[in-house]
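Visitor:
Protein chains: 2
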Amino acid sequence: MKVLTKNTDYAIRALLALAAKKGSYMSAKSIATEHDIPYQFLRRLLQQMIRHNLIVSKEGVQGGFMMQKNPDEITVTELIEIFQGKVQVSECMFRKQICGNRARCVLRHEIMRIEQVVQSEFEKVTIGKLLRDLEAANPVHQKATTIS
Amino acid sequence: MKVLTKNTDYAIRALLALAAKKGSYMSAKSIATEHDIPYQFLRRLLQQMIRHNLIVSKEGVQGGFMMQKNPDEITVTELIEIFQGKVQVSECMFRKQICGNRARCVLRHEIMRIEQVVQSEFEKVTIGKLLRDLEAANPVHQKATTIS
DNA sequence: TTAATTGATACTAATATAGTATCAATTAAA
DNA sequence: TTTAATTGATACTATATTAGTATCAATTAA
Chain E
0 MKVLTKNTDY
10 AIRALLALAA
20 KKGSYMSAKS
30 IATEHDIPYQ
40 FLRRLLQQMI
50 RHNLIVSKEG
60 VQGGFMMQKN
70 PDEITVTELI
80 EIFQGKVQVS
90 ECMFRKQICG
100 NRARCVLRHE
110 IMRIEQVVQS
120 EFEKVTIGKL
130 LRDLEAANPV
140 HQKATTIS
Chain L
0 MKVLTKNTDY
10 AIRALLALAA
20 KKGSYMSAKS
30 IATEHDIPYQ
40 FLRRLLQQMI
50 RHNLIVSKEG
60 VQGGFMMQKN
70 PDEITVTELI
80 EIFQGKVQVS
90 ECMFRKQICG
100 NRARCVLRHE
110 IMRIEQVVQS
120 EFEKVTIGKL
130 LRDLEAANPV
140 HQKATTIS
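Heads up: the protein sequence lines correspond to chains E and L, in order. Position 147 of the first sequence, counted from 1, bears residue number 146 in numbering that gives the first Met the number 0, the numbering being contiguous throughout. Position 50 of the second sequence, counted from 1, bears residue number 49 in numbering that gives the first Met the number 0, the numbering being contiguous throughout.
1. Among residues of its own chain, excluding the 5 on either side of A153(E), which ones have a beta-carbon nearer than 6 Å to its beta-carbon?
2. Do F64(E) and the ligand SAM come close, with the Cβ less than 6 Å from some heavy atom?
3. Helix, strand or coil for Q87(E), going by three-state DSSP, please let me know.
4. Do you know how far the Cα of E109(E) is from the Cα of V124(L)?
5. Along the chain, where does the alpha helix (DSSP H) containing S29(L) start, and where does it finish?
6. With 7 Å set as the bound, which would you pick, yes or no: does the beta-carbon of M0(E) sit closer than that to a beta-carbon of chain L?
7. For G63(L), report the span of its beta strand (DSSP E) as first-last.
8. Just grab the DSSP bridge partners of S56(L) for me.
9. Per DSSP, K1(E) is paired with what?
10. Could you compute how far the alpha carbon of L15(L) sits from the alpha carbon of M0(E)?
11. Is there at least one Cβ from chain E nearer than 7 Å to V55(L)'s Cβ?
12. Can you grab the Cα-Cα spacing for the pair G63(E) / V117(L), in whole Å?
13. Check whether the Cβ atoms of E120(E) and I79(L) lie closer than 7 Å to each other.
14. Please confirm if Q47(E) has its CB atom under 7 Å from at least one CB of chain L.
15. Using a 10 Å radius around the Cβ and a threshold of 16 neighbouring Cβ atoms, would you call F82(L) buried or exposed?
16. Which residues share a DSSP beta bridge with T150(E)?
17. Hey, out of K28(L), A13(L), P37(L) and F40(L), whose CA is closest to I54(L)'s CA?
18. Comparing the C-beta of Q67(E) with each C-beta of chain L, is any distance below 7 Å?
19. Give the straight-line distance between the Cα atoms of N6(L) and L44(L), rounded to the nearest whole angstrom.
20. Are E134(L) and T74(L) close, meaning C-beta to C-beta below 7 Å?
21. On a Cα-Cα basis, can you pick out the residue from Q87(E), K21(E) and E77(E) that is closest to Q47(E)?
22. Return no unless some Cβ of chain L is closer than 7 Å to the Cβ of K20(E).
23. Is the CB of E120(E) under 7 Å away from at least one CB in chain L?
24. Sorted by chain position, which residues of the same chain lie with C-beta nearer than 6 Å to M92(L)'s C-beta, five sequence neighbours on each side aside?
25. Expressed to the nearest angstrom, what Euclidean distance is found between the alpha-carbon atoms of D8(L) and R107(L)?
26. Buried or exposed: where does M25(E) fall if 16 or more other Cβ atoms within 10 Å of its Cβ makes it buried?
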């Protein structure tokens, strides 16, 4: 059981890259090479994130992608939903019918509870938080704090 | 993101059926028809559960399957592991190498924490518990409590 | 004008999930 | 002792999901 697919994994990494460079554009090419993500695959993910208003883009030479949404407001839950669909227990819940099988419904009850737990845990993890963790773990390039 | 696949879903339902009839054999055919599970599919799941010592079988006429392991000791986590593989965050963890990408590792740290939470939640849910919930919700056939 | 870029979209490959089919071996019961 | 109901084992097909590649038009800074 794989919790995060490549989609989501790559998207998180790309967002971390963009969040670190907030305010300036970064090309898909450089994200791809620096973070070892298949270029064309990444481009598709970036397009999806534009549609969800997480990032913006600029075409042409010197173009690229830039963070739009506040990284502290981008949760892993949101990314999972975009790239893997809403967290759900079993198909049963999609078909919006009361399922005839009582055993399944008992199970469903338990599982909806767990679903809530999972979801709320993933909601605590934002791109902003990950970025801070990342910088704390890797204090190499000290941030040039303004002035320049 | 689907938490339980049909495999696991069907397996749980089959175990609930067997747990309810504990001590006597129940054929794959009757489990399949009573619980609306594709017959041949179910048979394969039952074989897997035999190999994991959750149930036993008897061949021939009047044969079938019977609970072996204590239902209170069969967790949903265990079933997920059998049918969907161990809960893991991303492939990264399979290849037993320290992954070069620091961003990913920071993410991994968060995600291992979440993994623990998920796992422990699913561990609280056992076949025994589900069966009791089920009987509480459906007190139709009162249990003939011994003597006979 | 050109080269670097995104926008859009179509395509392929690999893997996982879901389901079906077949036949041999066993065994209770007629 | 034959038969029918069953499991054991395994091979097969179909569909969906995941992962990755390719192509070409539009835009834009240099």
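C-beta atoms are modelled at their ideal positions from N, C-alpha and C, and glycine is treated no differently.
Guide: By the coordinates alone:
1. Coverage of chain E is limited to positions 0 through 147, which leaves residue 153(E) absent and any answer about it impossible.
2. The ligand SAM is not among the ligands present in this structure, which contains no ligands whatsoever.
3. strand
4. 7 Å
5. A27 to H34
6. yes
7. G63 to M66
8. F64(L)
9. Q87(L)
10. 22 Å
11. no
12. 37 Å
13. no
14. no
15. buried
16. Missing from the structure shown is residue 150(E); chain E here goes from 0 to 147 and no further.
17. A13(L)
18. no
19. 7 Å
20. no
21. E77(E)
22. no
23. yes
24. Here M92(L) scores only 38 on pLDDT, less than 50, and its place in the model should not be relied on; the value that follows carries that caveat. None.
25. 28 Å
26. buried
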